[in-house]
Amino acid sequence: MSEKKRVLIVDDDPSLRELAAVIFSTKYETQEADDGVDGWQKARAWQPHLVVTDLMMPRMHGYELCARLKGPDGPPGVKVMVISSKPFETDKAQAFTAGADTYVVKPFKMDDLLNKADALLSPGAPGLAAHRAQDKGTPVHSSELPAPAPAPAKDGNLPVYVRFWGTRGSCPTSGVQTSRYGGNTACTEVRIGDTLIIIDCGTGLRELGGALLKEYAGKPIEGHILVGHTHWDHIQGFPFFVPLYSPKNTFNVYSVHGANGSLRKIFSESMAMDYFPVPLANLGCKLSFVELEGPVDLGAAKVTFQHLNHPGPCIGFRIETQGKVIVYLSDHEPFYKVGGDSETAKRQDDAIAEFARGSDLLIREGQYTEAEYATRKGWGHSTFDDAAQFAAQLGAKRLAIFHHDPDHNDDALDAHMQYCCGLLKKLGSDTECFAARDGLRIDL
Numbered sequence: 001m002s003e004k005k006r007v008l009i010v011d012d013d014p015s016l017r018e019l020a021a022v023i024f025s026t027k028y029e030t031q032e033a034d035d036g037v038d039g040w041q042k043a044r045a046w047q048p049h050l051v052v053t054d055l056m057m058p059r060m061h062g063y064e065l066c067a068r069l070k071g072p073d074g075p076p077g078v079k080v081m082v083i084s085s086k087p088f089e090t091d092k093a094q095a096f097t098a099g100a101d102t103y104v105v106k107p108f109k110m111d112d113l114l115n116k117a118d119a120l121l122s123p124g125a126p127g128l129a130a131h132r133a134q135d136k137g138t139p140v141h142s143s144e145l146p147a148p149a150p151a152p153a154k155d156g157n158l159p160v161y162v163r164f165w166g167t168r169g170s171c172p173t174s175g176v177q178t179s180r181y182g183g184n185t186a187c188t189e190v191r192i193g194d195t196l197i198i199i200d201c202g203t204g205l206r207e208l209g210g211a212l213l214k215e216y217a218g219k220p221i222e223g224h225i226l227v228g229h230t231h232w233d234h235i236q237g238f239p240f241f242v243p244l245y246s247p248k249n250t251f252n253v254y255s256v257h258g259a260n261g262s263l264r265k266i267f268s269e270s271m272a273m274d275y276f277p278v279p280l281a282n283l284g285c286k287l288s289f290v291e292l293e294g295p296v297d298l299g300a301a302k303v304t305f306q307h308l309n310h311p312g313p314c315i316g317f318r319i320e321t322q323g324k325v326i327v328y329l330s331d332h333e334p335f336y337k338v339g340g341d342s343e344t345a346k347r348q349d350d351a352i353a354e355f356a357r358g359s360d361l362l363i364r365e366g367q368y369t370e371a372e373y374a375t376r377k378g379w380g381h382s383t384f385d386d387a388a389q390f391a392a393q394l395g396a397k398r399l400a401i402f403h404h405d406p407d408h409n410d411d412a413l414d415a416h417m418q419y420c421c422g423l424l425k426k427l428g429s430d431t432e433c434f435a436a437r438d439g440l441r442i443d444l
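In structure tokens form, the structure reads like this:
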């Protein structure tokens with residue numbers, strides 16, 4: 001009797017991981033891993049024939065795991081099956097580029113998994129060509145960098161404020177019809193005493209840079225830049241952030257590893273000579289890229305992240321400081337709306353609500369009306385109803401709706417905010433609701 005083939009199942013959802021293990025154990029020998037790092041370690045030690053992996057996992061997401069498995073240090077000839085709740089074509093393409101051999105959308109059927117596994121593991125099954133070489137730079141992880149020098153937070157009484165510098169989604173807008181709410185894309189400043197945190201690098205980052213130069217008046221600037229994802233509207237202001245060009249200044253950029261390369265590589269390629277005259281390597285400041293694997297302690301604040309439902313790697317942030325909680329959730333489509341109302345979708349939606357629970361300020365995307373969403377389903381964005389219902393569910397104190405659609409002028413946003421406030425009242429919520437606008441400052 002021939003030896004059973006080995007299947008490693010990697011998923012941070014214990015219910016689905018155990019279910020998959022039960023299914024595969026009918027024909028194969030199985031092991032389980034609860035996240036990407038655990039999966040990578042077990043894959044190297046156990047040498048499985050097939051790895052079945054989720055995409056959205058802590059410490060290491062599934063794209064990076066795929067690339068490592070198909071790289072020179074992975075098990076020879078290993079096949080990779082991605083099982084994910086993300087139905088976006090972008091994610092499928094990025095998973096295949098990273099090294100996946102097949103892609104299954106949750107919830108799955110037992111026969112589908114076994115049939116795909118049988119096809120992959122049968123003699124003579126076609127395999128992907130060797131994965132193309134990644135960028136030569138080794139990804140930088142948080143554990144490899146010295147802890148940033150934090151502002152002191154001994155008494156817990158540091159002033160905390162949030163200021164919005166860009167609140168549009170998709171692309172910038174200009175003109176008199178958007179002058180009250182503003183037209184810059186996503187950029188939010190969080191200040192805790194002397195600690196500077198910047199969330200996303202949309203076009204609003206340019207104006208923030210000018211304000212910082214005026215405030216610091218030649219003194220060194222140190223900042224922490226959190227990037228939710230690297231689509232254009234969240235990074236297009238980066239090359240225009242003037243403080244990056246001074247050798248006096250220090251900035252750490254935090255996000256997860258890209259789907260097909262390091263965080264540094266993504267920013268470097270966005271500033272390639274075909275697109276911008278100054279390459280990343282020529283920036284004058286001390287610049288570090290930190291690929292998140294878990295919480296980050298900035299001294300004055302603790303930052304954690306949560307995967308969101310948007311094409312490609314996309315995360316939200318929770319900042320805990322001075323007894324206050326700020327949660328930032330951009331570019332997210334509820335799992336149940338795009339993938340169907342299932343137990344899997346409910347668990348994932350509940351996990352995001354739990355991540356945001358206790359928010360003093362919830363910064364939440366609300367881009368579409370329900371009517372607009374009907375023709376934009378699967379784009380990875382939320383409606384005003386989604387934002388209001390979410391805030392009511394978790395009891396947020398204040399809800400700042402942002403990532404405004406470029407087609408929504410000031411009058412339209414006035415009407416949408418009136419609708420959101422009315423919906424919260426109908427839901428019995430006392431959450432304070434307002435639209436974020438460029439230049440608005442919130443003291444906590």
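Under my numbering, the first residue of the sequence shown carries the number 1, and numbering increases by one thereafter. Note that the Cβ used here is the ideal one computed from N, Cα and C, for glycine as well.
Residues bridged to asparagine 252 [DSSP beta-bridge criterion]: According to DSSP, asparagine 252 bridges with His224, Ser288.
Runs of beta strand (DSSP E) wholly within the segment 49-126 (minimum 3 residues, chain order): Taking only runs of at least 3 residues, the beta strand (DSSP E) segments lying wholly in the segment 49-126 are 50-53, 79-84, 102-105.
Tryptophan 449 - containing beta strand (DSSP E), residue span: A question about residue 449 goes unanswered here, because the residues of the chain that appear run from 1 up to 444.
Anticipated Cβ contact below 8 Å, cysteine 437 with threonine 167, distance rounded: The amino acid occupying residue 437 in the given sequence is arginine; cysteine does not appear at that position. Confirmed, Cβ separation roughly 6 Å.
Buried or exposed (CB count within 10 angstroms, at least 16 for buried), proline 58: By the C-beta density criterion, proline 58 is buried, having at least 16 other C-beta atoms within 10 angstroms.
Residue from Leu287, Glu189, Asn260 with nearest C-alpha to leucine 55: Measuring from the Cα of leucine 55, the nearest candidate turns out to be Asn260.
CA-to-CA distance, lysine 425 to cysteine 433, given in whole angstroms: Roughly 10 Å between the two C-alpha positions.
Alpha-carbon spacing of threonine 30 relative to aspartate 341, whole angstroms: Those two C-alpha atoms are separated by around 29 Å.
Inter-stretch contact (C-beta, 8 Å, three-pair minimum) for the segment 351-358 and the segment 386-396: Contact holds: three or more Cβ-Cβ distances are below 8 Å.
Where proline 239 falls, given that 16 or more other Cβ within 10 Å makes a residue buried: Residue environment analysis places proline 239 among the buried positions, since at least 16 neighbouring C-beta atoms fall within 10 angstroms of its C-beta.
Bounding residues of the alpha helix (DSSP H) (the contiguous stretch that carries phenylalanine 355): It spans 343-356 - the alpha helix (DSSP H) in which phenylalanine 355 sits, taken as one unbroken run.
Whole-angstrom C-beta distance between asparagine 249 and proline 243, which should lie under 8 Å: The pair is a contact, with the Cβ atoms about 5 Å apart (cut-off 8 Å).
Same chain, Cβ closer than 6 Å to alanine 33, five either side skipped, listed in chain order: By the criterion of a C-beta distance shorter than 6 Å, alanine 33 is surrounded in its chain by Val10, Gly39, Lys42, once the five residues flanking it on both sides are discounted.
Rounded straight-line distance, which links the Cα of serine 85 to that of glutamate 343: Distance from the CA atom of glutamate 343 to the CA atom of serine 85, rounded to whole angstroms, is 11 Å.
Beta-bridge pairing of isoleucine 319 - partner residues as DSSP gives them: Isoleucine 319 is bridged by DSSP to Val303, Ile326.
According to DSSP, residues forming a beta bridge with alanine 400: BP columns for alanine 400 point to Ile363, Phe434.
Cut-off 6 Å between Cβ atoms - residues of its own chain near threonine 304, not counting five sequence neighbours on either side: Pro295, Arg318.
Cα-Cα separation, methionine 417 to lysine 116: For methionine 417 and lysine 116, the distance between alpha carbons rounds to 47 Å.
Buried or exposed (CB count within 10 angstroms, at least 16 for buried), methionine 81: Taking a 10 Å sphere around the C-beta of methionine 81, we find 16 or more other C-beta atoms and assign the residue as buried.
For alanine 388, the three-state DSSP class (helix, strand or coil): Three-state DSSP puts alanine 388 in a helix.
Pick from Asp331, Phe108, Ala388 that is closest to threonine 431, judged by C-alpha positions: Among Asp331, Phe108, Ala388, the Cα nearest to that of threonine 431 belongs to Ala388.
Pick from Ile23, Leu263, Tyr328, Ser382 that is closest to valine 290, judged by C-alpha positions: Residue Leu263 is the option with its Cα nearest to valine 290.
Same chain, Cβ closer than 7 Å to arginine 376, neighbours up to 5 away in sequence not counted: Within the same chain, arginine 376 has close Cβ partners Tyr368.
Any chain C beta carbon closer than 8 Å to alanine 388: The structure shown contains no chain C; it holds only a single protein chain.
Runs of beta strand (DSSP E) wholly within the segment 189-243 (minimum 3 residues, chain order): Runs of the beta strand (DSSP E) inside the segment 189-243: 195-199, 222-226.
Local conformation of phenylalanine 164 per DSSP, three classes: Strand.
Alpha-carbon to alpha-carbon, serine 270 and glycine 258: Their Cα atoms are separated by approximately 13 Å.
Whole-angstrom C-beta distance between aspartate 331 and histidine 403, which should lie under 8 Å: Correct: roughly 7 Å between the Cβ atoms.
Enclosing beta strand (DSSP E) for glutamate 29 [first to last residue]: Start and end: 29-33.
Within 8 Å, strictly: CB atoms of glycine 223 and isoleucine 198: Cβ distance < 8 Å, so glycine 223 and isoleucine 198 count as in contact.
Inter-residue Cα distance where the pair is leucine 226 and glutamate 18: If you take the alpha carbons of leucine 226 and glutamate 18, they lie about 34 Å apart.
Residue closest to proline 87, alpha-carbon to alpha-carbon, out of Gln47, Gln177, Tyr336, Ile363: Taking each of Gln47, Gln177, Tyr336, Ile363 in turn and checking the Cα distance to proline 87, the smallest one comes out for Tyr336.
C-alpha distance - lysine 265 paired with aspartate 274, whole-angstrom precision: A direct Cα-Cα distance of roughly 15 Å separates lysine 265 from aspartate 274.
Nearest candidate by alpha-carbon position, reference threonine 188, set Ile363, Cys421, Asp407, Pro406: Residue Ile363 is the option with its Cα nearest to threonine 188.
Residues that DSSP places opposite aspartate 297 in a beta bridge: Beta-bridge pairing links aspartate 297 to Lys302.
Best match in Ile235, Lys214, Gly175 for proximity to glycine 486 [C-alpha to C-alpha]: In the structure as shown, the chain starts at 1 and stops at 444, and residue 486 therefore has no counterpart that could be examined.
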